[in-house]
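So the structure is just underneath, and the comments pick up after that.
There are 2 protein chains.
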Amino acid sequence: MGSPAFVAATEAALADFFTSRRATVDQLGPSFVEAAAALELFVLRGGKRTRPAFAWIGWQGAGGDADGPDAEAVLSACAALELVQACALIHDDIIDSSRTRRRFPTVHVDFEQRHRERGWAGDSAHFGTSVAILIGDLALAWADDMVHASGLDNAAIARFAPVWALMRTEVLGGQLLDINGHAGSDESVEAALRINRYKTAAYTVERPLHLGAAIADADPALVEAYREFGTDIGIAFQLRDDLLGVFGDPEVTGKPSGDDLREGKRTVLLAEALQRADATDPLAAKLLRTSIGTDLGADDVERLRALLTELGAVDDVERRIADLTDRGLAAIETSSATPSAKEKLRAMALAATRRTA
Amino acid sequence: MGSPAFVAATEAALADFFTSRRATVDQLGPSFVEAAAALELFVLRGGKRTRPAFAWIGWQGAGGDADGPDAEAVLSACAALELVQACALIHDDIIDSSRTRRRFPTVHVDFEQRHRERGWAGDSAHFGTSVAILIGDLALAWADDMVHASGLDNAAIARFAPVWALMRTEVLGGQLLDINGHAGSDESVEAALRINRYKTAAYTVERPLHLGAAIADADPALVEAYREFGTDIGIAFQLRDDLLGVFGDPEVTGKPSGDDLREGKRTVLLAEALQRADATDPLAAKLLRTSIGTDLGADDVERLRALLTELGAVDDVERRIADLTDRGLAAIETSSATPSAKEKLRAMALAATRRTA
């Protein structure tokens, strides 16, 4: 999502931060050195740096000068979002019992394997989970530390802090809603939209833009426009993701075809289909409820895809994406954001909502 | 550890903070309300508020006025330490597979039970762990938010931030050392002392005092004295705890007699005993290694106690406690701390190192 130059600059800022921790880390001894190195590797291994990119554009759109004297500090504060994200991913991988991420073992699996290879005492899986909980905590704590060490002046940090607070509460709230909704089998469109709003939109687009605006001390009308854009485009992004999770080409997405159906992911697409089936086609509703979340073959996936389409759920979600994208773009067009920021946000919005992977 | 009036004031500050989050929490929906309520109950259910008490005394000892205009903000920032502690305890209870804390179910067990009672889908224990990971994360994030919302001025927050950063890194480091040492069976006195230093001393006494000093903008000599006192008294506190874990009266400590022996806790006491036995009494060393961490009967506990005493390990630890206490008290006596703070720190040091429970 960020340009190659921006991604490189973000990663350089993160690498500098890890270097700055080294003296403290070394003092804590070899097993802490190992844990901190695992976190560093995880953070620097890749990613689109989407959240820092939105924060950076939010700042520039509100008048921040990418060639000015504050730029380095702002970039570093924006990059700190990647540490919040590291905590979210590391802990999510425990919660989802995921074994791999980007083709590498997840952190808990990595430390489970180290424990086993060393022939250590106790349960290897429990050890791996324990270490990964603590490494995720470290990432969350270091995210703050990176903001404070960024070089932002005290007044900017004071403006940044309440938005940062909301963002973290919202993403944790979104994750809690997600696992509760899944366990409690809440099938409503409303519940799925609420998870999208907090777990994805607020955390990935709305609050990053808002953070950039807060650093720049933007006027309230621009903050409102950013938030409208962020909420709409963020939800549209997630809805596109949900469609790709069912209809995406495995060659392009890199995920097995129909993966979301097999995992039983509670998407707006599925909620909409269930609601329509309950009203018009009880047999279809039954089929959906008994097959989603089970070990589906290629034929089953094909049949469910056809059903989702026939029920009109796919059209509904496409319409939602189009409406949200229009509304989000309109909010930015009529805002006081700089022309260059408007152009970038427009491009990012279209990339996020019209993508095929 | 804090006086009853201080404990009440700390709890009032925490209750106010939770109230201030309510609007955000409500917006996130009922399952987030439930999680936030569980955290609030956990934090307000009790505790000695030791860390806020040291921070508060650290501030006063460096000239802070408990009746002055800044006192409320400082108290609130000090109370935020209880939220870091909530994260540490909630995540530790997962790591230690603890089922109860202060006679209530631990957070992960509580949510495991709720899941089961509701007949929800999936594995109840995994659900409980997942929710407790996220509630711990929330506590860690809210700890920062409470500092930022405390009313401390921006300059004080800027002085506070680097010490806060060190404290959190150190406690997470101490926990990582602890679980690595346990799994890897590091038996050295040095390893046990290092865990005491970071997991207990830095986190419980040294950095809280340092945080108070940072708010008050104390001179470096006083900071040094606080840190010396905090490290020494904090380690002595842990050594006393280790002795009580083996020799404490269950009627007074509330824990089963010899509990640490049964759990196989890697204490300085045990490390010292093993080192001495290796040098002088190989059979005793073997007995220690084969029995510590197993399901011991009352007779076994009695025999191991006698052995720890005969090997001189108990005397050694008592001597360490006495030396550390003397050195810590001397650092404070010769410092520029106010007479009233000196008196309180002396009393707290003696209470922490000479207690029977």
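Taken in order, these protein sequences are the chains called L and F. Counting from 1, one number per residue, gives the positions in the first sequence under my numbering. Counting from 358, one number per residue, gives the positions in the second sequence under my numbering. All C-beta atoms in this analysis are idealised placements derived from N, C-alpha and C, irrespective of residue type, glycine included. Being a predicted model, the structure only gives us computed values, none of them experimental.
(request) Look up P696 of chain F in the DSSP assignment and give the residues it is bridged to. (result) Mapped onto the second sequence, residue 696 of chain F falls at position 339. DSSP lists no partner for P696 of chain F.
(message) Spatial neighbours of S507 of chain F within its chain, please: C-beta separation below 6 Å, excluding the five flanking residues on both sides.
(response) Taking the second sequence and counting its residues from 1, one reaches residue 507 of chain F at position 150. Within the same chain, and ignoring the five residues on either side of S507 of chain F in sequence, the residues whose Cβ sits closer than 6 Å to its Cβ are A430, S433, A434.
(request) May I have the straight-line CA-CA distance separating P208 of chain L from R597 of chain F, to the nearest angstrom? (result) The residue you call residue 208 of chain L lines up with position 208 of the first sequence. The residue you call residue 597 of chain F lines up with position 240 of the second sequence. Their backbone Cα atoms lie some 48 Å apart in a straight line.
(message) Can you pull the chain L neighbours of A530 of chain F, defined as C-beta to C-beta under 7 Å?
(response) One-based indexing of the second sequence puts residue 530 of chain F at position 173. The amino acid at residue 530 of chain F is misidentified as Ala; the sequence shows Gly. L28, F32, listed in chain order.
(request) Please confirm if the region 622 to 632 of chain F is in contact with the region 591 to 608 of chain F, defined as three or more CB-CB distances below 8 Å between the two stretches. (result) yes
(message) Within a Cβ cutoff of 8 Å, which residues of the same chain sit near V171 of chain L, ignoring the five residues on either side of it in sequence?
(response) As a working mapping, residue 171 of chain L is identified with position 171 in the first sequence. Cβ within range, chain order: V84, A88, Y198, K199, A202, Y203.
(message) Against chain F, which members of the region 56 to 78 of chain L pass a CB distance test of less than 7 Å?
(response) none
(message) Do A80 of chain L and V147 of chain L have their beta-carbon atoms positioned less than 8 Å apart in this structure?
(response) For this step, residue 147 of chain L is matched to residue 147 along the first sequence. For this step, residue 80 of chain L is matched to residue 80 along the first sequence. In contact: V147 of chain L and A80 of chain L (Cβ atoms closer than 8 Å).
(request) Using three-state DSSP, classify R458 of chain F as helix, strand or coil. (result) Residue 458 of chain F sits at position 101 when you count from the first residue of the second sequence. Residue state, collapsed to three classes: strand.
(request) Using 10 angstroms around the beta-carbon of T713 of chain F, count the other beta-carbons present and answer buried if the total reaches 16, otherwise exposed. (result) Here residue 713 of chain F refers to the residue found at position 356 when the second sequence is read from its first residue. Exposed is the call here.
(message) Can you give me the C-alpha to C-alpha distance between D501 of chain F and E439 of chain F, rounded to a whole angstrom?
(response) Residue numbering aside, residue 501 of chain F sits at position 144 when the second sequence is read from its first letter. Residue numbering aside, residue 439 of chain F sits at position 82 when the second sequence is read from its first letter. Those two C-alpha atoms are separated by around 11 Å.
(message) Short of 8 Å in beta carbon distance, which residues of its chain neighbour D616 of chain F, apart from the five on each side in sequence? Order them along the chain.
(response) Here residue 616 of chain F refers to the residue found at position 259 of the second sequence. Contacts found: G602.
(request) Classify P282 of chain L as buried or exposed, calling it buried when 16 or more other Cβ atoms lie within 10 Å of its own Cβ. (result) Numbered from its first residue, the first sequence carries residue 282 of chain L at position 282. So P282 of chain L counts as exposed.
(message) Under 7 Å, CB to CB, which of the residues in the region 546 to 561 of chain F have a partner in chain L?
(response) R551, Y555
(request) Taking E620 of chain F as the query, report the chain L residues whose CB atoms sit under 7 Å from its CB, ordered along the chain. (result) As a working mapping, residue 620 of chain F is identified with position 263 in the second sequence. Within 7 Å Cβ-Cβ: nothing; E620 of chain F doesn't reach chain L, min ~12 Å.
(message) Please list the terminal residues of the continuous alpha helix (DSSP H) segment that includes L39 of chain L.
(response) What you label residue 39 of chain L is simply residue 39 of the first sequence in a count that begins at 1. 30 to 44 is the span of the alpha helix (DSSP H), which, as asked, contains L39 of chain L.
(message) Between R473 of chain F and chain L, is the shortest Cβ-Cβ distance under 8 Å, so that the two count as touching?
(response) Translated into positions along the second sequence, residue 473 of chain F becomes position 116. It does not; no Cβ of chain L falls within 8 Å.
(message) Cβ closer than 7 Å: which chain F residues qualify as neighbours of R168 of chain L?
(response) Mapped onto the first sequence, residue 168 of chain L falls at position 168. Correct list: A498.
(request) Would you decide whether T280 of chain L is buried or exposed? Buried here means 16 or more other CB atoms lie within 10 Å of its CB. (result) Your numbering for residue 280 of chain L matches position 280 in the first sequence. Answer is exposed; the Cβ neighbour count stays below 16.
(message) What does the alpha-carbon distance come out to for the pair L28 of chain L and G531 of chain F?
(response) Your numbering for residue 28 of chain L matches position 28 in the first sequence. Your numbering for residue 531 of chain F matches position 174 in the second sequence. Approximately 8 Å between the Cα atoms of the pair.
(message) Just checking: is the beta-carbon of I235 of chain L within a distance shorter than 8 Å of some beta-carbon in chain F?
(response) Position 235 of the first sequence, counting from 1, holds the residue named residue 235 of chain L. The beta carbon of I235 of chain L sits no closer than 8 Å to any beta carbon of chain F.
(request) Could you list the residues in the region 207 to 240 of chain L with a C-beta less than 7 Å from some C-beta on chain F, going in chain order? (result) Listed in sequence order: no entries.
(message) Using a Cβ-Cβ cutoff of less than 8 Å, which residues in the same chain neighbour A221 of chain L once the five nearest sequence positions on both sides are dropped?
(response) Walking along the first sequence from the start, residue 221 of chain L turns up at place 221. Cβ within range, chain order: S335, S336.
(request) Check L668 of chain F in the structure and name its three-state DSSP category. (result) Counted from its first residue, the second sequence places residue 668 of chain F at position 311. DSSP places L668 of chain F in coil when its eight states are reduced to three.
(message) Please return the same chain residues whose Cβ sits closer than 8 Å to the Cβ of A71 of chain L, not counting the five positions on each side in sequence.
(response) As a first step, residue 71 of chain L must be located in the first sequence, where it is residue number 71. Closer than 8 Å at the Cβ level, and outside the excluded window around A71 of chain L, lie G64, D65.
(message) Considering only their Cβ atoms, is the gap separating A35 of chain L from V163 of chain L smaller than 8 Å?
(response) Residue mapping note: residue 163 of chain L aligns to position 163 of the first sequence, counting from 1. Residue mapping note: residue 35 of chain L aligns to position 35 of the first sequence, counting from 1. No, Cβ-Cβ distance for V163 of chain L and A35 of chain L is not below 8 Å.
(message) At the level of alpha carbons, what is the spacing between R633 of chain F and I135 of chain L?
(response) Start at 1 with the first residue of the second sequence, and residue 633 of chain F comes out as number 276. Start at 1 with the first residue of the first sequence, and residue 135 of chain L comes out as number 135. Those two C-alpha atoms are separated by around 36 Å.
(message) Can you tell me where the alpha helix (DSSP H) holding T290 of chain L begins and where it ends?
(response) Here residue 290 of chain L refers to the residue found at position 290 of the first sequence. 282 to 291 is the extent of the alpha helix (DSSP H) around T290 of chain L.
(request) Work out the CA separation of I95 of chain L and D178 of chain L for me, nearest whole Å. (result) Residue numbering aside, residue 178 of chain L sits at position 178 when the first sequence is read from its first letter. Residue numbering aside, residue 95 of chain L sits at position 95 when the first sequence is read from its first letter. If you take the alpha carbons of D178 of chain L and I95 of chain L, they lie about 11 Å apart.
(request) Could you please give the first and the last residue of the uninterrupted alpha helix (DSSP H) stretch that includes S20 of chain L? (result) Position 20 of the first sequence, counted from the first residue, corresponds to residue 20 of chain L. Segment 4 to 27, the alpha helix (DSSP H) holding S20 of chain L.
(request) Identify whether K265 of chain L lies in helix, strand or coil by the three-state DSSP scheme. (result) Walking along the first sequence from the start, residue 265 of chain L turns up at place 265. In the three-state DSSP reduction, K265 of chain L falls in the coil class, being neither helix nor strand.
(request) Output the distance between the C-alpha atoms of E629 of chain F and V671 of chain F, rounded to the nearest integer angstrom. (result) Residue numbering aside, residue 629 of chain F sits at position 272 when the second sequence is read from its first letter. Residue numbering aside, residue 671 of chain F sits at position 314 when the second sequence is read from its first letter. Each residue's alpha carbon lies about 9 Å from the other.
(request) Please state if the CB of I233 of chain L and the CB of T353 of chain L are separated by a distance shorter than 8 Å. (result) Residue numbering aside, residue 353 of chain L sits at position 353 when the first sequence is read from its first letter. Residue numbering aside, residue 233 of chain L sits at position 233 when the first sequence is read from its first letter. Contact: yes.
(request) Identify which residue in F:L533, F:E469, F:E474 has its Cα closest to the Cα of G403 of chain L. (result) Nothing about residue 403 of chain L can be reported from this structure: the residues present for chain L run from 1 to 357 only.
(message) Using beta carbons (cut-off 8 Å, strictly below), is H91 of chain L in contact with chain F?
(response) Here residue 91 of chain L is taken as the residue at index 91 of the first sequence, counted from 1. Taking Cβ atoms only, chain F reaches closer than 8 Å to H91 of chain L, which makes this a yes.
(request) With a 10 Å radius around its C-beta and 16 neighbouring C-beta atoms as the bar for buried, classify Q368 of chain L as buried or exposed. (result) With chain L represented from 1 up to 357, any question about residue 368 of chain L goes unanswered, as that position is not in the structure.
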